[in-house]
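*Asks:* Just so it is clear: in the sequence shown, position 379 is 994 by the numbering used here, and no numbers are missing.
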Amino acid sequence: MTSEQHLAPFRMPDRLFAELAAGGGSAAAVAFLERAERARRLLLLRTLLGHLDALPTPLAAVAEAWRVLKQAAEKSPEPVERLLLAPPTGGWISHMLRRVHGTADGPPLWAEAGHFSALALSASLHAGTDAAFDVPLTDGRLHLPGLGMVRLPGAQEGLTVGRARTAGGELTVTGPGRTTDRVRVTCRPLTRHDDTDRGHWLPLRTLTHPAPDGTATVVVVLEDLDPYRDLDDHLPPARLDEEEAREWQRLFGEAVRILARPGAPGPGRVHPAMIRAIVPFGRTGVSPPALPFVQVSASSGDSFGGMLIVRPASALALAETLVHELQHSKLAALLHLFPLLDDDRAERYYAPWRTDPRHLTGLLHGAYAFTGVAGFWRDRLADARSAEAVERAGYFFALRRLQSRLVVRTLLTSGRLTAEGRALVSGLARTLDGWLRDDVPPAALARARTAAALHRTEWRLRNVVPAPAAGPSGLRFRRDRAFWPDVRTHAFATRPAVPRTADEHLAAGDAAAALTRYADVLADAPAEPQALAGWVVARTILEPGRAARRMLARPEELLEPSPRV
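1) Take the Cβ of A1153 as the centre, count every other Cβ of all protein chains shown within 10 Å, and call the residue buried at 16 or more, exposed below.
2) Would you decide whether E652 is buried or exposed? Buried here means 16 or more other CB atoms lie within 10 Å of its CB.
3) I think M711 touches E727, with their Cβ atoms under 8 Å apart; what is that distance to the nearest whole Å?
4) Which of helix, strand or coil does DSSP assign to V835?
5) Can you give me the Cβ contacts of G783 inside the same chain, cut-off strictly under 6 Å, excluding the 5 residues immediately before and after it?
6) Do the segment 977-993 and the segment 927-938 touch if we need at least three Cβ pairs shorter than 8 Å?
7) Just mark S912 as buried or exposed, buried being the case when its beta carbon has 16 or more other beta carbons within 10 Å.
8) By a C-beta neighbour count over all protein chains shown, 10 Å radius and 16 as the cutoff for buried, is G638 buried or exposed?
9) If you draw a straight line from the alpha carbon of P1056 to that of P882, how long is it in whole angstroms?
10) How is W968 classed by DSSP in three states: helix, strand or coil?
11) Any idea what DSSP makes of S737, helix, strand or coil?
12) According to DSSP, simplified to helix, strand and coil, what is G921?
13) In this structure, does DSSP put G1049 in helix, strand or coil?
14) In chain order, what residues of the same chain have a beta carbon less than 6 Å from the beta carbon of H824, not counting five sequence neighbours either side?
15) My output table needs one value for R1015: the three-state DSSP class, helix, strand or coil.
16) Helix, strand or coil for G717 per DSSP?
17) What are the uninterrupted segments assigned as beta strand (DSSP E) that are 3 or more residues long and contained completely in the segment 1087-1165, given in chain order?
18) Would the beta-carbon of A733 fall within 8 Å of that of L757?
19) Helix, strand or coil: how does DSSP classify T936 here?
20) Using only CA atoms, which one of N1078, A1013, V1040 lies nearest to E1050?
21) Residues bridged to I708 by DSSP?
22) Measuring CA to CA, which of A646, A875, P907, H951 is closest to L658?
23) Exposed or buried, what is V1022 when buried is set at 16 or more other beta-carbons lying within 10 Å of its beta-carbon?
24) Who does F748 pair with in a DSSP beta bridge?
25) State the beta-bridge partners of I893 as determined by DSSP.
26) Is it true that the CB of R656 sits closer than 8 Å to the CB of L700?
27) Looking only at its chain, what residues have a beta carbon closer than 6 Å to the beta carbon of R1165, apart from the 5 residues adjacent to it on each side?
28) Over what stretch of residues does the alpha helix (DSSP H) that includes G987 continue unbroken?
29) Should G1009 and A1061 be called a contact, given that it needs their Cβ atoms to be closer than 8 Å?
30) If you reduce the DSSP assignment to three classes, tell me which class V1080 lands in.
31) Hey, would you say L837 sits closer than 8 Å to L822, going by beta carbons?
32) Evaluate D1118 with the Cβ neighbour count: other Cβ atoms within 10 Å of its Cβ, from every protein chain shown; 16 or more gives buried, anything less gives exposed.
33) Among G1089, A860, A1066, whose alpha-carbon lies nearest the alpha-carbon of E962?
34) Taking buried to mean at least 16 other C-beta atoms within 10 Å of its own C-beta, is G755 buried or exposed?
35) If we ignore side chains and look at the alpha-carbon of each, how far apart do H815 and V1079 end up?
36) What are the start and end residues of the beta strand (DSSP E) that includes G769?
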């Protein structure tokens, strides 16, 4: 890999685009996207290094780090390639480009630029070459991408300059001490355990599992150290304790077994080797106990194959999230290759999985991700054996296919898709239309339709100003709108055995009892959005017809017009 490497134009074969447009993608399709991301990353890196050439710094010039990186790549191309394609490396490159253009903040720019020297040191260790750099230390810590982190005992606190040397796979780091002039650590990072007991070397954590076909071992990075593991901001390390790391390994192994389903690749089917890194977020220990579902997950187009996840207690929830976030990675890579839509970024569209209005790009991402999620639950429904599993899988499959198809229709009628974008969204439509003919247990289907109606109704009550509107472009939004908790999507997944609340009666199929209880709440708070949404949906179930359809389409007309728009 050299700075002079010729980058040929990418032409995606029609069959691979068709696979991805359907919401799925074979290993060959994902590999094509990864090659395209590699070319993009090299172009961005070349641009960044051009900006950093003249940066005043107490560290080595980036040209010297680039020389060491190229030398290592010539000797050991595969590990160096993995370093350059790692999700946090993409995050660092994009973060630094934002910094040099003044749209991001962080530590002193020279210190963040010094991450490139650390990348070159990691490459040198893999290749067994010799190198020596001045490097930035933070509280005596030096992170080595793809390997782990060195901690100097008794080091001076804050941001300082240290010296790192590699020779034959051995690393020596020296830096200013708190009570002495210099402190020093020597280790061999590739052994992964050298000096771990004394805490001077923290190796990179990984999650492993035999591949579904049994031919290899899947290795996914569990990234709790890299400062660029987040979607943008520079982060300090958040080392998991041993018990939490073991829990991640257990859940990952179970999630891989859930995803290991024979058959052709399609939406919702993920080979775990497609995942490059998981960033555990928000917790470093097993206490307090994790919730059964994923509270937060995210991914970035700058970090292909990487995903940030708050660990759930359920392997099923983790498996669903792996599918969801990989869908985002695939679509982001497609957006780097093709202009899929002309988005004015106006946030005025309904997304059934959000509480706020969205722009078209967010809508497209949601449609692509949740088509994959619908496919995931379709497979779970086919595999379910117990009545409870059938009901739960049937509910989520029915809900996500319905919601995704609604958003696909919005995209197709927006008038802003390019030719490639229309081909992609039409592919999703064909997939979802085929799934709409799949049988789902009637009770699960009814709950899914009710939950979907509740979400849209409450969204409009909380976001839309009561006023006549011809379509999405004519909506006016409340200035006082705020985040609201979606408590119904998961609550309606199972039928309550002994319903007590209004929502529980509605989930149990008793709209009359639900209507009475919603009316009791509204007697004291006539405009309470959650209760009013429930009342609207319950009444339209009991009294279907033109008037009910109008009320369901524009429930905000039941509210007094608001002067705040």
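Idealized CB from N, CA, C, for every residue including glycine.
*Replies:* The short version:
1) Per the 10 Å Cβ criterion, buried.
2) Taking every protein chain shown into account, the CB of E652 has 16 or more other CB atoms within 10 angstroms, so this residue is buried.
3) Between E727 and M711 the Cβ distance is about 6 Å, and since that is below 8 Å, they are a contact.
4) Strand.
5) Excluding sequence positions up to five before and after G783, its CB lies within less than 6 Å of the CB of G743, all in the same chain and listed in chain order.
6) Judged by Cβ distances under 8 Å, the segment 977-993 makes contact with the segment 927-938, as three or more pairs qualify.
7) Taking all protein chains in view, the Cβ of S912 is crowded by 16 or more other Cβ atoms within 10 Å, so the residue is classified as buried.
8) By the C-beta density criterion, G638 is buried, having at least 16 other C-beta atoms within 10 angstroms.
9) Taking the straight line from one Cα to the other gives about 21 Å.
10) Of the three classes helix, strand and coil, the one that applies to W968 here is coil, per DSSP.
11) It is helical.
12) Three-state result, G921: strand.
13) In the structure shown, G1049 sits in a helix (DSSP, three-state: H, G or I).
14) Within the same chain, V833, G868, V871 come within 6 Å of H824 by CB-CB distance, once the 5 residues on both sides are set aside.
15) R1015: helix per DSSP, three-state reduction.
16) If DSSP states are grouped into helix, strand and coil, G717 belongs with coil.
17) Listed in chain order, the beta strand (DSSP E) runs fully inside the segment 1087-1165 amount to none, counting runs of at least 3 residues.
18) Yes, these two residues count as a Cβ contact at 8 Å.
19) Of the three classes helix, strand and coil, the one that applies to T936 here is helix, per DSSP.
20) Reading off the sequence, residue 1050 comes out as Trp, not Glu. The shortest C-alpha to C-alpha distance from W1050 to any of N1078, A1013, V1040 is the one to A1013.
21) Under DSSP, I708 forms no beta bridge with any residue.
22) Checked all of A646, A875, P907, H951; the closest Cα to L658 is H951.
23) With 16 or more other Cβ atoms within 10 Å, it is buried.
24) As a beta-bridge residue in DSSP terms, F748 pairs with A779.
25) Note: I893 is bridge-paired with L837, M922 in the DSSP secondary-structure output.
26) Contact: yes.
27) Within the same chain, R1165 has no close Cβ partners at all.
28) Here the alpha helix (DSSP H) through G987 covers 975-998.
29) Taking C-beta atoms as the reference points, G1009 and A1061 fail to come closer than 8 Å.
30) Residue state, collapsed to three classes: coil.
31) Taking 8 Å as the Cβ cut-off, L837 and L822 qualify as a contacting pair.
32) Buried: at least 16 other Cβ atoms inside 10 Å.
33) Of the listed residues, the one whose Cα sits closest to E962 is G1089.
34) Flag for G755 reads buried.
35) Each residue's alpha carbon lies about 56 Å from the other.
36) Segment: none, G769 is in no beta strand (DSSP E) and carries neither H nor E.
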